[in-house]
Amino acid sequence: MKKDVLSITDLSREEIYELLESAVDLKKKRKAGEPTEFLKNKSLGMIFEKASTRTRVSFEVAMTDFGGHALYLNSRDIQVGRGETIEDTARILSGYLHGIMARVMSHETVKKLAEYSTIPVINALSDREHPCQILGDFMTIMEHKKKFEGLKFAWVGDGNNVCNSALLGSAIMGMEFVVACPKGYEPKAEFLEKAKAIGGKFTITDDPKAAVKDADVIYTDVWVSMGDEAEQEKRLKEFATFQVNTELLEVAKPDVIVMHCLPARRGLEITDEVMDGPNSVIFDEAENRLHAQKALILKLMR
Ligand code: CP
Ligand code: NVA
Numbered sequence: 064m065k066k067d068v069l070s071i072t073d074l075s076r077e078e079i080y081e082l083l084e085s086a087v088d089l090k091k092k093r094k095a096g097e098p099t100e101f102l103k104n105k106s107l108g109m110i111f112e113k114a115s116t117r118t119r120v121s122f123e124v125a126m127t128d129f130g131g132h133a134l135y136l137n138s139r140d141i142q143v144g145r146g147e148t149i150e151d152t153a154r155i156l157s158g159y160l161h162g163i164m165a166r167v168m169s170h171e172t173v174k175k176l177a178e179y180s181t182i183p184v185i186n187a188l189s190d191r192e193h194p195c196q197i198l199g200d201f202m203t204i205m206e207h208k209k210k211f212e213g214l215k216f217a218w219v220g221d222g223n224n225v226c227n228s229a230l231l232g233s234a235i236m237g238m239e240f241v242v243a244c245p246k247g248y249e250p251k252a253e254f255l256e257k258a259k260a261i262g263g264k265f266t267i268t269d270d271p272k273a274a275v276k277d278a279d280v281i282y283t284d285v286w287v288s289m290g291d292e293a294e295q296e297k298r299l300k301e302f303a304t305f306q307v308n309t310e311l312l313e314v315a316k317p318d319v320i321v322m323h324c325l326p327a328r329r330g331l332e333i334t335d336e337v338m339d340g341p342n343s344v345i346f347d348e349a350e351n352r353l354h355a356q357k358a359l360i361l362k363l364m365r
């Protein structure tokens, strides 16, 4: 049976540990220049309704490393842009490809792709979640902290798609999760309920200092996500006191790691000083997207 990954909750704690182990191994092999042609003659379709640097390049390179092929399918250039249904597109692509990843405006689109295709479908970011990001992030936390249980993960900023996956992922892996955001920008109740059902320990505050007190991980993301551009002016005002800067870092543990899914708006949600400073693991995190996704597509497509 094919497996889809639309949410981080489509993976169990055991599966996440297995993926991270495989990702570490694939990272070693890549650095050593060892051949890894595990997906020879296999093709991954990559549907994009939104912009991307990391996700597009890392998935494409992953398929190259595996001896397979990746097809970049901008939604404006394929027939869905002219009214062909997602359901029909899913059926058609299933006849050619061995896997699909999709970055979509609405989560419903990636759900429909999964429902109507006979090949694995991966959510490469929707309005609800960004599970691939969190896998790369967890790999980075593992490399720097060697464990998840008992860590305090402080999210500072918008309770958005990446925050939802981080919240749910933390619940799965046993990390305490704190969100600091302006009132009205909390993760939606259904995500909080889901995290609670998994057994997650989380709190929500509008005080960034309280959130990062003794934190092991500080994570931030843009204040204006793709699709939220109309609210830009309002958001920039409301988030102004939620910047991750040196003053905020002083409250966290001295060995706190600072993370950001990127792209960053330097000088807004994060300062240059922190992003380029000794606590930042942001560029390792970006690289780890490649290794973690390689582990994921190997699991789903091999
Ligand atoms: N973090 C992330 O998904 O980056 P891109 O939007 O560049 O793919
Ligand atoms: N929250 C951001 C993440 C980008 C990778 C967005 O959805 O635009």
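Residue 64 is where the sequence shown starts when you use my numbering, and the numbers rise one by one after that.
Every residue gets a Cβ at the ideal spot worked out from N, C-alpha and C, and that includes glycine.
These figures come from a predicted structure and were not determined experimentally.
Cβ distance (whole Å) where residue i is taken to contact residue j below 8 Å
i	j	result
V241	T268	7 Å
E301	P250	E301 to P250, Cβ: 16 Å. No contact.
E239	K215	5 Å
V319	I281	6 Å
S180	A153	4 Å
A358	L89	6 Å
R76	I235	5 Å
K272	L311	7 Å
E332	Q306	6 Å
N59	V285	With the chain covering 64 to 365 only, the question about residue 59 has no answer from this structure.
K66	L363	6 Å
F101	L361	6 Å
P194	I71	4 Å
Q295	F122	No, Q295 and F122 are not in contact; Cβ-Cβ is about 29 Å, not under 8 Å.
M109	M164	5 Å
N- and C-terminal bounds of the alpha helix (DSSP H) containing residue i
i	result
S228	N224 to M236
A258	A252 to I261
L353	I345 to M364
K297	Q295 to E301
T118	R117 to D128
DSSP bridge partner residues for residue i (one or two, in chain order)
i	result
R166	F111
I333	V307 and R329
N137	F111
Y282	W218 and M322
A243	V219 and T268
S106	H132
N-terminal and C-terminal residue of the beta strand (DSSP E) that residue i is part of
i	result
I320	I320 to H323
F265	K264 to T268
Exercise for review: Output the residue ranges of the alpha helix (DSSP H) runs that lie fully inside the segment 65-99 and measure 4 residues or longer, sorted by chain position.
Suggested key: 76-95
Practice item. Counting only runs of 4+ residues fully inside the segment 143-229, write out the alpha helix (DSSP H) ranges in chain order. Key: 149-157, 170-179 and 194-208
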